[in-house]
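Following: one structure in structure tokens, then a few remarks.
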Amino acid sequence: MSANFAPDFKALVGIPVPAVAVRIAPVGEKLELRLKGPCVTPGYWRSPDKTAEAFDAEGYYRTGDAVAWIDSEDKALGLRFDGRIAENFKLASGTWVQVADLRAAIIGVFAPLCSDVVICAPDRPHLTAILFPEPGACRKLAGLPSDAPLADVVSHPALRREISSRMGSLQTADGPGSRTIRRYVLTAELPNIETGELSDKRAISQNTVLARRAALVDALYADEPGPGIEVLVG
55 MSANFAPDFK ALVGIPVPAV AVRIAPVGEK LELRLKGPCV TPGYWRSPDK TAEAFDAEGY
115 YRTGDAVAWI DSEDKALGLR FDGRIAENFK LASGTWVQVA DLRAAIIGVF APLCSDVVIC
175 APDRPHLTAI LFPEPGACRK LAGLPSDAPL ADVVSHPALR REISSRMGSL QTADGPGSRT
235 IRRYVLTAEL PNIETGELSD KRAISQNTVL ARRAALVDAL YADEPGPGIE VLVG
């Protein structure tokens with residue numbers, strides 16, 4: 055897949071060999087190495103769901119390996135290994151969830167109403183989501199003043215209808231479990247740097263949110279959904 059010039063440097067990835075195409079895809083604060091070429095299978099045999107999970111929209115294989123440039127000013131030196139993409143997870147079924155791609159799709163559908171989303175949760179039977187509103191856009195849609203409490207904003211019927219409509223547009227009856235959101239909540243408690251839910255670059259930490267909001271995650275999977283939790287499927 056690649057060639058390097060310093061075999062004693064174990065973390066060195068090097069540069070791609072001829073005919074191998076490499077994509078460096080941002081995933082949170084990391085860069086994921088993705089590959090395509092004649093030496094990479096185009097997918098799983100008779101398993102489109104697994105293929106969709108393992109490859110991006112342009113056919114690049116998601117390795118799950120994080121990489122970084124050896125020298126960002128001289129990219130001919132190639133890449134070094136930078137750990138694994140930690141925020142992807144498996145459902146109880148063993149299905150891998152590609153968090154970055156799904157998160158980007160959801161944020162795109164909800165712009166400008168939602169500033170971010172956290173996908174839930176490892177070892178659970180299906181996917182749910184915690185949506186974080188963009189206060190200004192949500193107040194405007196709801197027709198509320200700029201100082202309206204966020205709790206009033208997220209419970210406003212007009213906003214809830216719009217969020218439900220947009221979330222429904224993401225769902226497909228026969229879509230893979232790794233991309234189907236069954237329940238969600240629009241929360242009035244925004245993430246912040248002080249709690250560690252946001253980095254100093256204001257990137258959300260999926261794992262920190264899941265840990266800090268464990269009770270909310272449990273409520274998303276309860277037999278009887280609590281207040282504010284919307285059920286889409288099942």
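Going by the numbering used here, the residue at position 78 of the sequence shown is 132; the numbering climbs one at a time, nothing skipped. C-beta atoms are modelled at their ideal positions from N, C-alpha and C, and glycine is treated no differently. All figures in this text were calculated on a predicted structure; none of them were measured in a lab.
When only Cα atoms are considered, A191 and S218 end up about 16 Å apart.
Look at the stretch 150 to 202 and you find these whole runs of beta strand (DSSP E), each 3 residues long or longer: 168 to 174 and 181 to 187. Taken through DSSP and simplified to helix, strand or coil, P211 comes out as helix.
Judged by DSSP secondary structure, T105 falls within the alpha helix (DSSP H) whose first and last residues are P102 to A108. Here E216 carries a helix assignment [DSSP, helix/strand/coil].
The shortest CA-to-CA distance from P179 to any of A146, L244 and V208 is the one to A146. Per DSSP, D272 is one residue of the alpha helix (DSSP H) stretching across A268 to L274.
Going by beta carbons, C174 and V271 fall inside the 8 Å limit.
By the criterion of at least three beta-carbon pairs nearer than 8 Å, the stretch 274 to 284 is in contact with the stretch 236 to 244.
In this structure, the CA atom of A212 is about 19 Å from the CA atom of I161. The Cβ neighbour count for I78, taken over all protein chains shown within 10 Å, is under 16; the residue is labelled exposed. Bounds of the beta strand (DSSP E) holding G118 are Y115 to W123. As the crow flies, the alpha-carbon of Q225 is around 34 Å from that of C93. According to DSSP, E86 shares a beta bridge with A79 and A120.
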